[in-house]
Amino acid sequence: MLFIIGIFTVLTVLSFFILEKKYSISLAMIDVSVVVFAFLVWLNDKHFHERPGQRVFSISDRSFIEDVIVRQMNMHGITEIKEENGIIQFFKNGHKTGEVRFRMDENGQPVKIDGKYIIEIEAPEYILHNIDHETWSLIGRK
Numbered sequence: 196m197l198f199i200i201g202i203f204t205v206l207t208v209l210s211f212f213i214l215e216k217k218y219s220i221s222l223a224m225i226d227v228s229v230v231v232f233a234f235l236v237w238l239n240d241k242h243f244h245e246r247p248g249q250r251v252f253s254i255s256d257r258s259f260i261e262d263v264i265v266r267q268m269n270m271h272g273i274t275e276i277k278e279e280n281g282i283i284q285f286f287k288n289g290h291k292t293g294e295v296r297f298r299m300d301e302n303g304q305p306v307k308i309d310g311k312y313i314i315e316i317e318a319p320e321y322i323l324h325n326i327d328h329e330t331w332s333l334i335g336r337k
């Protein structure tokens, strides 16, 4: 992509010698817009796309974790899942990428309110966004 933007910029500079000035200036404005937009997209992907976020859900059974959360984390490319003491951790090439934590009471048992477990999910924002959509989709079907 960077190569294509570079070629477009070179053609814009050459247009100042070949075309009329008004067309060259228009092309230069378009070129600057493309370069700025490409930089902003790169900045967004680099700094905000992988930023971890957190959501709290209530789930009726643990199969929700396998059905929705693990599937979404697999789309992220996880390579390992560790489960211990009510915490499920997801790893990608040895680096922790997400975690599901059951809220525990003072006795160390998962909290159940109206027959539903309370879980906290920590994962990259785009995965949480997908989990939100899938959760609402499941609610809509019931």
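Per our numbering, the very first residue in the sequence shown carries number 196; after that it's consecutive.
In this text, a Cβ means the ideal position worked out from N, Cα and C, and glycines have one as well.
Only a predicted model underlies this, so the values are computations on that prediction, with no experimental measurement involved.
To the nearest angstrom, how far is the alpha carbon of Leu209 from that of Asn239? 31 Å
Could you please give the first and the last residue of the uninterrupted beta strand (DSSP E) stretch that includes Lys311? 311–319
Tell me the DSSP bridge mates of Arg250? Ile316
I think Arg246 touches Pro319, with their Cβ atoms under 8 Å apart; what is that distance to the nearest whole Å? 7 Å
Taking three-plus beta-carbon pairs below 8 Å as touching, is the region 322–330 in contact with the region 296–310? no
Apart from the five residues just before and just after Lys277, which ones in its own chain have a Cβ nearer than 6 Å to its Cβ? Gln284
Going straight from the alpha carbon of Val263 to that of Glu275, what length do you get? 17 Å
Report the three-state DSSP secondary structure of Thr292 (helix, strand or coil). strand
Which listed residue (Glu215, Arg250, Ile199) has its alpha carbon closest to that of Ala233: Ile199
Simplified DSSP assignment, three categories, for Gln284: strand
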